[in-house]
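Residue numbering for the sequence shown follows our numbering, beginning at 339 and increasing consecutively.
Even for Gly, the Cβ is constructed at its ideal location relative to N, Cα and C.
What follows is one structure encoded as structure tokens, with my remarks underneath.
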Amino acid sequence: MIKNGIQDSVAFTGKERDGETGYGYFGARYMDHELMTMWLSVDPLADKYPSLTPFHYCRWNPLSRIDSDGKMDSLYLCGSDKMKKDALIFMQNQCGNLKLSEKDGFVSYTGEPKTEKEKYIANLISDKTIYVELWLKEDNILPNKKQINEGGGAYGGNFFIYDNKDSKEIEYVWATQYINVKQAKKVNQNGLVFWHEAAEAYESALLSREKKVESPINTDSPDCNYREAHKNASKLFPGDVIIENGQYHIYSL
Ligand SMILES: [Zn+2]
339 MIKNGIQDSV AFTGKERDGE TGYGYFGARY MDHELMTMWL SVDPLADKYP
389 SLTPFHYCRW NPLSRIDSDG KMDSLYLCGS DKMKKDALIF MQNQCGNLKL
439 SEKDGFVSYT GEPKTEKEKY IANLISDKTI YVELWLKEDN ILPNKKQINE
489 GGGAYGGNFF IYDNKDSKEI EYVWATQYIN VKQAKKVNQN GLVFWHEAAE
539 AYESALLSRE KKVESPINTD SPDCNYREAH KNASKLFPGD VIIENGQYHI
589 YSL
């Protein structure tokens, strides 16, 4: 989240946050619908997982991975190889005792987490009940036709995957977040933007699971828990950005 200057930032109460979502009026459901139109016929497992996912844009199917080892790495980068590589370099800056790596988009780590941030990151990566997907983009365009603002990231909402289609048991929560890599690199702050966005998606998923209510991307929806998720994520990874004399600064509310 970002403002165009201190003045705006001071004046802001609720609007700035809406800005981070790109004024989203586009929930995960709607996105699913759009993807379903495009992909349903080509997905043999669509019946098992009626909520189709943006994975299909990546031309890669996570379901085979679930089947093969019964679990799933839970932080995924979706984007070009170059963007994934760039993102990982920045993300590495926040966790010096961990060695991050990426394969087929999945982020994993080796090493012993020592700092509070590292422990949080290690937990996020290994939590199989919450799936965080970071869409790495070269532009600011969101699926709702709105824009990622100068902060470089945008909230994407979440939805539930049930263990079977008649079940009420949530198998995992699928949370999406958007990052304009070029912009996030400009904001930099040692890769803080990347982890703020990942943490925001994760916190949002925790809240949704607790309430048993999916969070749409649209911040006007009473079910959207963006504000709380942003606040929780900001405890370790501040995500409020201002530009002052052309310099980016991150501050905690
Ligand atoms: Zn945020």
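Exercise. Tell whether a beta-carbon distance below 8 Å holds between ILE580 and LEU530.
Key: no
Quiz item: With 16 as the cutoff for other CB atoms within 10 Å, does PRO481 come out buried or exposed?
Solution: buried
Quiz prompt | SER439 (DSSP reduced to helix, strand or coil) | solution = strand
Exercise. Compare the C-alpha of MET421 against each of ASP411, ALA460, GLU440 and ASN431 and name the closest.
Key: GLU440
Self-check item: For LEU574, the nearest candidate out of TYR564, VAL519, THR453 and LYS524 (CA to CA)
Solution: THR453
Quiz item: Secondary structure at LYS506, three-state DSSP: helix, strand or coil?
Solution: coil
Quiz item: Under a Cβ-count criterion, where at least 16 other Cβ atoms within 10 Å of its own Cβ denotes burial, should THR557 be classed as buried or exposed?
Solution: buried
Quiz item: Is GLY449 closer than 8 Å to ASN435 when the C-beta atoms are compared?
Solution: yes
Quiz prompt | Boundaries (first-last residue) of the alpha helix (DSSP H) holding ASN570 | solution = 564 to 572
Practice problem: In the DSSP assignment, find the unbroken alpha helix (DSSP H) run with ILE463 in it and report its ends. | Solution: 454 to 464
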